[in-house]
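A.B. asks:
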Amino acid sequence: MEKRKIKIGWLERVLDNPDKQETDKFDSELEHCLAVIPEFGNRILRIIVKKETNPTFVITAFFDRRLKRKN
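The sequence shown begins at 143 in the working numbering and counts up one residue at a time.
1) Taking Glu164 as part of the beta strand (DSSP E), name the residues at either end of that continuous run.
2) Report the residue from Phe199, Asn159 and Ile179 whose alpha carbon sits nearest the alpha carbon of Leu209.
3) What first and last residue would you give for the alpha helix (DSSP H) that runs through Ile150?
4) In or out: Ile186 buried (at least 16 other Cβ within 10 Å) or exposed?
5) Determine the DSSP secondary structure at Glu173, reduced to helix, strand or coil.
Structure (structure tokens):
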């Protein structure tokens, strides 16, 4: 996460209260959690997690360049 400049607090915030959730197109066991991070230029953070694991298992997290925040 350091290399991608993603703070742990942002991960926690998105996982606790995502703006949007999507089931993965290729693997129904994976879920995408998305939220706007105002502190990082209003970019959208996408976190892919394995559903139904406790604790939550994060596969990857990145700022999604394909998505733009709507004003």
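Glycine included, every Cβ here is placed at the ideal spot set by N, Cα and C. Quick caveat: nothing in here was measured; it's all calculated off a predicted structure.
C.D. replies: The answer reads as follows:
1) Residues Lys162 to Thr165.
2) Check the Cα spacing between Leu209 and each of Phe199, Asn159 and Ile179: the tightest is with Ile179.
3) In this chain, the alpha helix (DSSP H) harbouring Ile150 covers Ile150 to Asp158.
4) Flag for Ile186 reads buried.
5) Annotated three-state conformation of Glu173 is strand, per DSSP.
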